[in-house]
Amino acid sequence: MVLTAGLAVNRLGWADELAGSPEGSPSPSRSVSVSEKASAKPSKAAKSHKPTTKPSTKRTAPQRVATNGPRKYTPAQLWGAPKGKRGALITYTVRVQHGLPYDAKQTARFIHGVLNDKRSWGRSGQWRLKLVPTTADSDVDIYLVTRTTTDRLCAPLQTRRKVSCFNNGRVVLNADRWAYGAKSYGKDLIGYRRNLVNHEFGHSLGHGHVSCPGKGKRAPIMMQQTKGLDGCRRNPWPNPKG
Numbered sequence: 032m033v034l035t036a037g038l039a040v041n042r043l044g045w046a047d048e049l050a051g052s053p054e055g056s057p058s059p060s061r062s063v064s065v066s067e068k069a070s071a072k073p074s075k076a077a078k079s080h081k082p083t084t085k086p087s088t089k090r091t092a093p094q095r096v097a098t099n100g101p102r103k104y105t106p107a108q109l110w111g112a113p114k115g116k117r118g119a120l121i122t123y124t125v126r127v128q129h130g131l132p133y134d135a136k137q138t139a140r141f142i143h144g145v146l147n148d149k150r151s152w153g154r155s156g157q158w159r160l161k162l163v164p165t166t167a168d169s170d171v172d173i174y175l176v177t178r179t180t181t182d183r184l185c186a187p188l189q190t191r192r193k194v195s196c197f198n199n200g201r202v203v204l205n206a207d208r209w210a211y212g213a214k215s216y217g218k219d220l221i222g223y224r225r226n227l228v229n230h231e232f233g234h235s236l237g238h239g240h241v242s243c244p245g246k247g248k249r250a251p252i253m254m255q256q257t258k259g260l261d262g263c264r265r266n267p268w269p270n271p272k273g
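Sequence positions in the sequence shown follow this note's numbering and run 32 to 273.
As structure tokens, this is what we get:
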């Protein structure tokens with residue numbers, strides 16, 4: 032680990048492996064037309080897990096999702112102020128791979144809202160989380176990408192096209208999971224996406240995996256809820272009581 036602005040930045044690797052494949056059969060979608068550099072600065076941490084972003088009540092993708100794409104990403108050139116009043120300042124960017132049916136700015140706004148919710152990391156008193164454009168220096172870079180690109184950006188972690196990761200300073204969100212969710216969250220795609228964002232970003236803050244603390248209890252955010260709940264109740268927040 033290294034210390035940055037009072038923050039322990041983890042450089043270890045984490046990967047989830049799933050018994051089954053993501054629900055649904057995503058197929059290639061149209062290409063988007065904004066170019067961006069192919070890779071972000073690799074320099075902070077490593078892990079792997081699942082995805083989440085815009086409203087939808089059914090576990091079917093709102094649009095077809097590409098399985099592969101070019102090494103080009105649409106950056107969300109936005110600033111988002113931290114809502115927390117105390118803690119180390121962490122800056123992050125958001126990019127969406129070309130060919131995916133998700134708007135980069137809308138995705139970034141959703142992610143910023145999740146991370147700065149009173150139940151999330153940005154309001155815990157330990158960290159202040161600030162969204163910045165890709166032209167600014169950042170501590171963490173968030174990518175929403177196809178399942179094939181997920182494997183490439185997460186390597187050497189074994190995501191097997193099925194899950195997401197935090198690797199080398201990048202939170203890599205698998206678009207299949209973002210689109211289809213997981214059985215553990217049923218039709219609650221918004222809840223699943225919140226879980227995905229909070230779980231993967233939690234790895235960037237140095238948190239590892241944990242288990243269900245007991246039947247009927249709330250699942251901790253760092254439990255691998257994509258794989259199942261093991262008797263726990265689903266929970267997309269680090270601090271559900273706020």
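Note that CB positions come from ideal geometry on N, CA and C, so glycine has one too.
Is the Cβ-Cβ distance between N205 and R178 less than 8 Å?
Residue 205 sits at position 174 when you count from the first residue of the sequence shown. Residue 178 sits at position 147 when you count from the first residue of the sequence shown. Taking 8 Å as the Cβ cut-off, N205 and R178 qualify as a contacting pair.
Where L120 falls: helix, strand or coil (DSSP):
Working through the sequence shown from its first residue, we reach residue 120 at position 89. DSSP places L120 within a strand segment (E or B) once states are collapsed to three.
Does the distance from the CB of K114 to the CB of R140 come in under 8 Å?
The sequence position of residue 114 within the sequence shown is 83, counting from 1. The sequence position of residue 140 within the sequence shown is 109, counting from 1. No, the pair does not count as a contact, with Cβ atoms beyond the cut-off.
Spatial neighbours of L184 within its chain, please: C-beta separation below 7 Å, excluding the five flanking residues on both sides.
Walking along the sequence shown from the start, residue 184 turns up at place 153. Result list for L184: Y174, V176, N198, R201, V203, in chain order.
Proximity below 8 Å, CB of M254 to CB of G239
Numbered from 1 along the sequence shown, position 223 holds the residue referred to as residue 254. Numbered from 1 along the sequence shown, position 208 holds the residue referred to as residue 239. Not a contact, by the Cβ cut-off of 8 Å.
In the DSSP assignment, find the unbroken alpha helix (DSSP H) run with C196 in it and report its ends.
Start at 1 with the first residue of the sequence shown, and residue 196 comes out as number 165. That residue, C196, is in no alpha helix (DSSP H); its beta strand (DSSP E) goes 196-198.
When P164, Y216, V127, A119 are compared against G259, the one with the closest alpha-carbon
Sequence index remark: in the sequence shown, residue 259 carries index 228 (1-based). With distances taken between Cα atoms, G259 lies closest to Y216.
What span of residues does the beta strand (DSSP E) with W158 cover, start to end?
As a working note, residue 158 is residue 127 in the sequence shown. Run containing W158: 158-162, per the beta strand (DSSP E) assignment.
Need the endpoints of the alpha helix (DSSP H) that Y211 sits in, please.
As a working mapping, residue 211 is identified with position 180 in the sequence shown. Its alpha helix (DSSP H) spans residues 206-211.
Would DSSP call I252 helix, strand or coil?
The residue labelled residue 252 in the question sits at position 221 within the sequence shown. Three-state result, I252: coil.
Starting from V176, trace the beta strand (DSSP E) both ways and give me its first and last residue.
In the sequence shown, counting from the first residue as 1, residue 176 sits at position 145. Secondary structure note for V176: its beta strand (DSSP E) is the uninterrupted segment 171-176.
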